[in-house]
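Undergrad: The structure follows.
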């Protein structure tokens, strides 16, 4: 099950505990992420209701920031490297927000190989590269391998049935 982001809550929907400067807010409903909210040492004398008010304010502030955020993905120009090696993490990382890739099936046991620029990435390495954007969404558009730089119009509809399947 995918864990959902925290939402505003009522006292009967959460379990609140305290640890040092943090209030730990756990949802009773499974599948909603808990939060460690840093409130300072005053958290030890705050009531659950006061903690919940602070928590709900922070959730509403994050929701407001999200509503106002305009994302403009950066695409690295053709001919420039789209990925770089991050030695401290021992992995490849994207330099921008758009990746032009080619998929091949020449890996072990027919596993996919992903080519970015002239760099061959195994599925494992490609997966690690994707984790640099953990928590984000992703859209994948399949295009001919000789036309990776065009912005193809996308047609929203159900696919036609393949008579072979």
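In my numbering, the protein residues as written are 17 to 181. All C-beta atoms in this analysis are idealised placements derived from N, C-alpha and C, irrespective of residue type, glycine included. All values reported here derive from a predicted model rather than from experimental measurement.
(1) What are the boundary residues of the alpha helix (DSSP H) that includes residue 72?
(2) In terms of residues, what are the limits of the alpha helix (DSSP H) holding residue 140?
(3) What is the C-beta distance between residue 146 and residue 109, in whole angstroms, given that I count them as a contact (C-beta under 8 Å)?
(4) Expressed to the nearest angstrom, what Euclidean distance is found between the alpha-carbon atoms of residue 148 and residue 78?
(5) Mark residue 132 as exposed unless 16 or more other C-beta atoms lie within 10 angstroms of its C-beta, in which case mark it buried.
(6) Where residue 181 and residue 174 are concerned, what is the direct C-alpha to C-alpha distance, given to the nearest angstrom?
(7) Is residue 102 buried or exposed, if buried means 16 or more other CB atoms sit within 10 Å of its CB?
(8) Can you name the start and end residues of the beta strand (DSSP E) that residue 32 belongs to?
(9) How big is the Cα-Cα spacing for residue 71 and residue 24?
(10) Would you list the one or two residues that DSSP bridges to residue 120?
(11) Locate the beta strand (DSSP E) running through residue 100, then write down its first and last residues.
(12) How about the stretch 59–68 and the stretch 87–105: do they share at least three Cβ pairs that are nearer than 8 Å?
(13) Quick one: Cα of residue 59 to Cα of residue 126, how far?
TA: In short, the structure shows the following:
(1) 64–84
(2) 139–146
(3) The Cβ separation is near 10 Å, so there is no contact.
(4) 21 Å
(5) buried
(6) 16 Å
(7) exposed
(8) 30–35
(9) 8 Å
(10) 129
(11) 99–102
(12) no
(13) 55 Å
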